[in-house]
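Participant:
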């Protein structure tokens, strides 16, 4: 996605053929600059939020010129969409403990830590807010969800089905909502403190019971 | 809250005593203007979001001058906080059907409709995003949650405890997360379509099973 968009942006920015041959290697985008920009985007997102974030602010924080950003991504939206896609591909580890309770417990352990990360707890609601008025953002986030969190939850449900722990005709979508909703609600909506001792165990027990009742 | 803030704003804006006596009734804030501004805020929030919303834009939409807004609220933040507080006080109807399943089913019916309302589905994630970097907004939203959704869910849990349907030592906070999380996740995070036939019944059954397992 990065390569394709860069090509488009450069094509759009240079409608005329160059008058002089560019020095060898000039068209290559330096990876360390790309990484500095990516890191700056996360920091800017956390600091000011998507709506207030500007290419100027990102460039300043990354210590590069605005052109360096625009050579790689044609807009703020495309920059953030690219980052969201990259995060989703990284994904979460798929638990495979052999029991429904074991898999849920591991998923909750990882997710609970990820959602408490300061960047996640600021950036995620921000992108959700943007998704409410940008269909492109909504689509990218849904894709990221499907490939990330929902993909892992789906794997847990399928494995439990194969072991006969969950009914064969259980509603798969409802199962995902039941697995993912409570922890997200607590971390991002209620913005509660770190779950107290025993919370994740209780949540695991409750969710397993809910899934068996589907 | 409205009255107190208006007084402060007017005091701050008029540090000198007025030179001429104001015409009778001039200090009274017209309720129809206040209502027009409130309605305009919801429309502006849905259209452009909290971060991009301006007092100018609100005044233009309400068909009033900026001064009319500033006489009532001293900032955009205070205006929105006031609206959030007002929504929370309105609250949701507390179900009282006599069974845990009946109460949950009614709560989900009402919440599902409320969350699909275009204004709610755009404004709620927006304020959540702002809460990630404004402690005042976070506090107001948490208070609204406690007095609204969480208050109702708490009533359902207490009634079920009294009837012996839920264990006396069940974790109350976890119960609220289990009740509220899945529908919010589906409506606001996944932004899925209207729940298919049978979804709310399935969710009710799953949640009741989860609560009994606490």
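Protein chains in written order, with full-length UniProt numbering: chain A, 1 to 214; chain B, 1 to 214. Note that the Cβ used here is the ideal one computed from N, Cα and C, for glycine as well. Note that the structure is a prediction, hence the values are computed from the model and not measured.
#1: Applying a beta-carbon distance threshold of less than 8 angstroms, which residues of chain B neighbour residue 112 of chain A?
#2: Does the segment 162–171 of chain B come close enough to the segment 186–194 of chain A to have 3 or more Cβ pairs within less than 8 angstroms?
#3: Identify the continuous alpha helix (DSSP H) that holds residue 34 of chain B and give its terminal residues.
#4: Thinking residue 153 of chain A and residue 180 of chain A are a contact (beta carbons under 8 angstroms), I'd like their distance in whole angstroms, please.
#5: Check each residue of the segment 175–200 of chain A: if its Cβ is closer than 9 angstroms to any Cβ of chain B, include it; give the result in chain order.
#6: What residue range is occupied by the uninterrupted alpha helix (DSSP H) comprising residue 214 of chain B?
#7: My guess is that residue 69 of chain B and residue 59 of chain B are in contact by the Cβ rule of under 8 angstroms, so how many angstroms apart are they, rounded?
#8: Assuming residue 67 of chain A is part of the alpha helix (DSSP H), what are its boundary residues?
#9: Quick check: the segment 138–156 of chain A against the segment 195–210 of chain A, are at least 3 beta-carbon pairs closer than 8 angstroms?
#10: Does residue 166 of chain B come out as helix, strand or coil in the three-state DSSP assignment?
#11: Quick one: what does DSSP say residue 97 of chain A is sitting in, helix, strand or coil?
#12: Beta carbon of residue 166 of chain B, beta carbon of residue 214 of chain B: below 8 angstroms?
#13: Just the C-alpha distance for residue 43 of chain A and residue 127 of chain A, rounded to the nearest angstrom, thanks.
#14: Just the C-alpha distance for residue 129 of chain B and residue 148 of chain A, rounded to the nearest angstrom, thanks.
#15: When you compare only the Cα positions, how much space is there between residue 28 of chain A and residue 86 of chain A?
#16: Specify the secondary structure class of residue 171 of chain B as computed by DSSP and reduced to three states.
#17: Checking 8 angstroms against the spacing of the C-beta atoms, do residue 36 of chain B and residue 57 of chain B come in under that value?
#18: Return no unless some Cβ of chain B is closer than 8 angstroms to the Cβ of residue 85 of chain A.
#19: Please list the terminal residues of the continuous alpha helix (DSSP H) segment that includes residue 135 of chain B.
#20: Would you mind stating whether residue 184 of chain B and residue 73 of chain A have Cβ atoms separated by less than 8 angstroms?
#21: DSSP three-state label for residue 125 of chain A, please.
#22: For residue 55 of chain A and residue 53 of chain B, what's the separation of their Cα atoms in angstroms?
Facilitator: Considering the structure as presented:
#1: Position 112 of the first chain, counted from the first residue, corresponds to residue 112 of chain A. Within chain B, no residue comes near residue 112 of chain A; the closest Cβ sits about 12 angstroms away, beyond 8 angstroms.
#2: With a cut-off of 8 angstroms on Cβ pairs, the segment 162–171 of chain B is not in contact with the segment 186–194 of chain A, counting fewer than three such pairs.
#3: The residue you call residue 34 of chain B lines up with position 34 of the second chain. Residue 34 of chain B -> alpha helix (DSSP H) spans 31–48.
#4: Position 153 of the first chain, counted from the first residue, corresponds to residue 153 of chain A. Position 180 of the first chain, counted from the first residue, corresponds to residue 180 of chain A. Your pair residue 153 of chain A and residue 180 of chain A checks out as a contact, with CB atoms roughly 6 angstroms apart and the cut at 8 angstroms.
#5: Residues of the segment 175–200 of chain A that bring their beta carbon within less than 9 angstroms of a beta carbon in chain B comprise 175, 176, 177, 178, 179, 180, 181, 182, 183, 184, 185, 186, 188, 189, 190, 191, 192, 195, 196, 198, 199, in sequence order.
#6: To locate residue 214 of chain B, count along the second chain from 1; it is residue 214. Bounds of any alpha helix (DSSP H) do not take in residue 214 of chain B, whose DSSP letter is neither H nor E.
#7: Position 69 of the second chain, counted from the first residue, corresponds to residue 69 of chain B. Position 59 of the second chain, counted from the first residue, corresponds to residue 59 of chain B. About 5 angstroms separates the two Cβ atoms, so the contact holds.
#8: Counting from one through the first chain, the residue named residue 67 of chain A turns up at place 67. Its alpha helix (DSSP H) spans residues 66–72.
#9: No: the two stretches stay apart, fewer than three of their Cβ pairs being nearer than 8 angstroms.
#10: Position 166 of the second chain, counted from the first residue, corresponds to residue 166 of chain B. Assigned with DSSP and collapsed to three states, residue 166 of chain B falls in coil, not helix or strand.
#11: Indexing the first chain from 1 puts residue 97 of chain A at position 97. If DSSP states are grouped into helix, strand and coil, residue 97 of chain A belongs with coil.
#12: The count along the second chain starts at 1 and reaches residue 166 of chain B at position 166. The count along the second chain starts at 1 and reaches residue 214 of chain B at position 214. Contact annotation: residue 166 of chain B and residue 214 of chain B have beta-carbon atoms nearer than 8 angstroms.
#13: Taking the first chain and counting its residues from 1, the one referred to as residue 43 of chain A is at position 43. Taking the first chain and counting its residues from 1, the one referred to as residue 127 of chain A is at position 127. Roughly 14 angstroms between the two C-alpha positions.
#14: One-based indexing of the second chain puts residue 129 of chain B at position 129. One-based indexing of the first chain puts residue 148 of chain A at position 148. CA-CA distance, residue 129 of chain B to residue 148 of chain A, rounds to 21 angstroms.
#15: As a first step, residue 28 of chain A is located in the first chain; it is residue number 28 there, counting from the start. As a first step, residue 86 of chain A is located in the first chain; it is residue number 86 there, counting from the start. Taking the straight line joining both Cα atoms gives about 21 angstroms.
#16: By one-based count along the second chain, residue 171 of chain B stands at place 171. Under the three-state reduction of DSSP output, residue 171 of chain B falls in the coil class, being neither helix nor strand.
#17: Position 36 of the second chain holds residue 36 of chain B. Position 57 of the second chain holds residue 57 of chain B. Contact flag unset, no.
#18: Translated into the one-based positions of the first chain, residue 85 of chain A becomes position 85. So, not an interface residue.
#19: Reading the second chain from its first residue, position 135 is the one you call residue 135 of chain B. First-last of the alpha helix (DSSP H) with residue 135 of chain B: 135–147.
#20: For the purposes of this step, residue 184 of chain B is identified with residue 184 of the second chain, where counting begins at 1. For the purposes of this step, residue 73 of chain A is identified with residue 73 of the first chain, where counting begins at 1. In this structure, residue 73 of chain A does not lie closer than 8 angstroms to residue 184 of chain B by Cβ.
#21: By one-based count along the first chain, residue 125 of chain A stands at place 125. Helix.
#22: Here residue 55 of chain A is taken as the residue at index 55 of the first chain, counted from 1. Here residue 53 of chain B is taken as the residue at index 53 of the second chain, counted from 1. Straight-line Cα distance between these residues: approximately 20 angstroms.
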